[in-house]
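So the sequences go chain by chain: A and B.
Our numbering puts the first residue of the first sequence at 82, with every later residue one more than the last.
Our numbering puts the first residue of the second sequence at 82, with every later residue one more than the last.
Cβ coordinates follow ideal geometry from the N, Cα and C atoms, glycine included.
Encoded as structure tokens, the structure appears first; notes follow it.
Number of protein chains: 2
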Amino acid sequence: MTIPGFPHSGYDRGPRMTRVVFERADAVARVAEVFRELGYEGATLSRITERTGLGKGSLYHFFPGGKEAMAAAVLADVDAWFVENVFRPLEEDEPRTAIAWMWAAIDDYFRSGRRICLVGSFALDATRDRFAGEIGGYFRRWIAALVRALIRAGVDADAAGQQAEAAIGGIQGALVLSRALGDEAVFSRALRRLAAGFPR
Amino acid sequence: MTIPGFPHSGYDRGPRMTRVVFERADAVARVAEVFRELGYEGATLSRITERTGLGKGSLYHFFPGGKEAMAAAVLADVDAWFVENVFRPLEEDEPRTAIAWMWAAIDDYFRSGRRICLVGSFALDATRDRFAGEIGGYFRRWIAALVRALIRAGVDADAAGQQAEAAIGGIQGALVLSRALGDEAVFSRALRRLAAGFPR
DNA sequence: CGCGATCCGTACTGAACAGTACACTACAAA
DNA sequence: TTTGTAGTGTACTGTTCAGTACGGATCGCG
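Dropping the structure here:
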């Protein structure tokens with residue numbers, strides 16, 4: 082028991098719960114899922130610890146900057162995934178192959194619409210102001226990469242710009258819509274529709 | 082001053098701040114803007130009072146159900162606006178006219194992308210679960226109204242369904258994108274692109 | 001004028017918030 | 001076996017949260 086006025090005197094309690102050890106990458110992935118489901122403001126520390134299984138001690142060990150550092154790490158992690166799996170292929174690989182690969186990667190990443198775009202969700206509320214650079218950079222690079230791939234595939238510059246914006250906007254909108262309607266099919270249909278207009 | 086243990090004993094303070102009287106409709110509109118900017122979780126009572134100029138007394142007078150009632154009223158208000166200005170015209174008026182009118186109304190309502198879709202933003206985080214009925218209903222009715230208008234305009238049923246989903250998803254995505262990039266032009270371009278594919 | 005009814009401002013409450021402190025455990029290197 | 005260090009659980013702090021209580025201001029109506 083704890084003696085009043087003597088903090089941390091309560092160390093005669095029973096056997097500890099079994100201790101589980103995480104590493105940072107795992108922590109980031111788990112925290113990401115919580116932000117994705119609840120948004121930045123909705124993800125309170127207690128809900129994060131609850132859903133990730135990581136205690137406050139671990140969380141503040143991995144992210145000394147607190148909640149904002151957690152979100153920043155998560156955004157960086159998302160960005161890294163897209164760089165690896167979408168942006169760099171679009172920028173460097175054979176354009177038609179890279180574009181086809183993009184649609185598959187996107188469908189997989191968003192779990193056919195069951196998962197949400199963290200960056201998009203941050204963009205919609207005041208969280209945007211906190212991470213304006215990261216959020217803007219993510220979408221700017223995606224659009225730029227897609228535009229260049231389209232141009233390399235023979236689409237003229239103007240049409241490429243329009244098509245890239247339509248595609249990425251369309252993906253974001255499809256995530257909103259499929260989630261609002263609780264219907265994954267909406268997302269799949271949107272992806273098929275958007276992909277159909279692309280060179281193959 | 083307040084005597085400890087004697088609540089409300091502090092009524093010897095100086096002159097009151099000038100009292101401003103609101104009516105409910107005005108309160109709803111002001112609260113709506115706060116939810117729109119900050120999201121449901123981000124809109125704390127103190128931020129709502131701060132930004133609307135309404136004190137807690139007024140807020141709880143108009144919305145005895147508290148924060149959740151405020152959000153419900155705001156959603157109902159948004160829905161009413163869309164019923165009046167978008168859904169009913171689509172359902173009842175000459176379809177091509179109604180569709181043209183829709184694009185103008187949407188551009189106006191979202192202030193060319195500077196304003197955000199409250200319903201869409203609620204759909205993206207856990208707020209969705211609280212208002213799943215309202216959120217789903219809003220998008221369902223919009224899509225259904227647009228589909229029927231397209232069919233009445235001579236588009237075949239299958240294409241109408243695809244086009245309606247693409248349009249409404251596209252609008253939502255354009256709001257996300259233009260806000261993420263901090264660029265209203267993205268929204269305007271998207272609206273023009275989407276409208277171009279419609280019968281006129 | 002008087003007097004409800006309506007509307008508003010603010011002190012207050014208990015719960016939940018982000019963040020800190022620190023005793024602790026597991027494991028690896030010496 | 002000892003010692004260092006990375007990772008962990010939890011009690012604690014000060015702040016902010018949603019929501020309540022209630023005195024007083026204002027207005028409509030007699």
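From A:S127 to B:A124, what does the alpha carbon distance come to, in whole angstroms?
-> In this model, A:S127 and B:A124 are separated by some 19 Å (Cα to Cα).
With 7 Å set as the bound, which would you pick, yes or no: does the beta-carbon of B:A261 sit closer than that to a beta-carbon of chain A?
-> Output row for B:A261: interface = yes.
Using alpha carbons as the reference points, say which of A:G235, A:A245, A:L119 lies closest to A:E175.
-> Here the closest residue by C-alpha is A:G235.
If you measure from the beta carbon of B:R211 to each beta carbon in chain A, is any gap under 7 Å?
-> With 7 Å as the cut-off, B:R211 does not count as an interface residue toward chain A.
Under 9 Å from the C-beta of A:A157: neighbouring residues of chain B = Going along chain B, no residue has its Cβ under 9 Å from A:A157, so there is no contact; the nearest lies around 16 Å.
Could you list the residues in the stretch 215–235 of chain A with a C-beta less than 9 Å from some C-beta on chain B, going in chain order?
-> Residues I216, G217, Y219, F220, R221, I224.
Can you tell me the Cα-Cα spacing of B:A186 and B:I180, whole angstroms?
-> So the two alpha carbons sit approximately 10 Å from each other.
For the alpha helix (DSSP H) holding A:D264, just list the boundary residues, first then last.
-> Under the DSSP assignment, A:D264 falls outside any alpha helix (DSSP H); it carries neither an H nor an E label.
Could you check the C-alpha separation between A:A207 and B:E118 for me, to the nearest Å?
-> Answer to the nearest angstrom: the Cα atoms are 6 Å apart.
Quick one: what's got a C-beta closer than 7 Å to B:A238's C-beta in the same chain, skipping five residues either side?
-> Cβ neighbours of B:A238 within its own chain (closer than 7 Å, five residues either side excluded): I232.
Taking Cβ positions only, does B:D264 come closer than 7 Å to chain A?
-> Chain A, which has no Cβ nearer than 7 Å to the Cβ of B:D264, makes this no.
Whole-angstrom distance between A:E172 and A:A226, CA atom to CA atom = When the Cα atoms are used, A:A226 and A:E172 turn out to be separated by approximately 5 Å.
Per DSSP, what kind of secondary structure is A:T290 in: helix, strand or coil?
-> In the structure as shown, chain A starts at 82 and stops at 281, and residue 290 of chain A therefore has no counterpart that could be examined.
If we ignore side chains and look at the alpha-carbon of each, how far apart do A:V115 and A:L199 end up?
-> Approximately 10 Å, taken between the alpha carbons.
Kindly indicate which residue of B:R222, B:Q244, B:E215, B:A266 has the alpha-carbon position closest to the one of B:E149.
-> It is B:E215.
Give the secondary structure of B:P145 by DSSP, where H, G and I count as helix, E and B as strand, and everything else as coil.
-> Secondary structure of B:P145 (DSSP, three-state): coil.
If you count every other CB in all the chains shown that lies within 10 Å of the CB of A:F87, and 16 or more means buried, which is it?
-> With a pLDDT of 37 at A:F87, under the threshold of 50, the predicted position of this residue should be treated as unreliable, though the coordinate-derived value follows. That one is exposed.
With 7 Å set as the bound, which would you pick, yes or no: does the beta-carbon of A:A245 sit closer than that to a beta-carbon of chain B?
-> Chain B, which has no Cβ nearer than 7 Å to the Cβ of A:A245, makes this no.
Continuous alpha helix (DSSP H) stretch holding A:V164: start and end = Going by DSSP, A:V164 is part of no alpha helix (DSSP H) at all; its letter is neither H nor E.
What are the residues of the stretch 164–179 of chain B that lie near chain A, defined by any Cβ-Cβ distance shorter than 8 Å?
-> Nothing from the stretch 164–179 of chain B brings a Cβ to less than 8 Å from some Cβ of chain A.
Closest by C-alpha distance to A:N166, when choosing among A:A152, A:W184, A:M151 | Nearest of A:A152, A:W184, A:M151 to A:N166, Cα basis: A:W184.
Below 8 Å on the Cβ atoms is my guess for B:G134 versus B:V112; work out the distance and round it to an integer in Å.
-> With a Cβ gap of about 11 Å, B:G134 and B:V112 do not count as contacting.
Assuming A:R211 contacts B:Q243 (C-beta within less than 8 Å), just tell me the rounded distance between them.
-> So it is not a contact: roughly 37 Å between Cβ atoms.
Excluding five sequence neighbours on each side, which residues of the same chain lie with their C-beta closer than 6 Å to the C-beta of A:P145?
-> Counting only Cβ-Cβ distances below 6 Å, and skipping sequence neighbours, we find nothing.
Which residues, taken in chain order from the stretch 140–153 of chain B, show a beta carbon closer than 8 Å to some beta carbon of chain A?
-> Under the 8 Å Cβ criterion, the stretch 140–153 of chain B contributes no residue.
The stretch 98–131 of chain A: positions lying closer than 7 Å to chain B by Cβ = Taking 7 Å as the cut-off between beta carbons, the residues of the stretch 98–131 of chain A near chain B are E118, L119, G120, E122, G123, in sequence order.
Indicate whether at least one CB of chain A lies closer than 7 Å to the CB of B:R274.
-> Interface residue, yes.
So, does the CB of B:G278 fall closer than 7 Å to a CB anywhere in chain A?
-> False, the Cβ-Cβ gap to chain A never drops below 7 Å.
Under 7 Å Cβ-Cβ, which residues of chain B neighbour A:G194?
-> Residues of chain B passing the Cβ test: none, with the nearest at roughly 11 Å.
With distances taken from CA atoms, which of A:A261, A:A277, A:F279 is nearest A:R195?
-> Ranking the options by Cα distance to A:R195, first place goes to A:A261.
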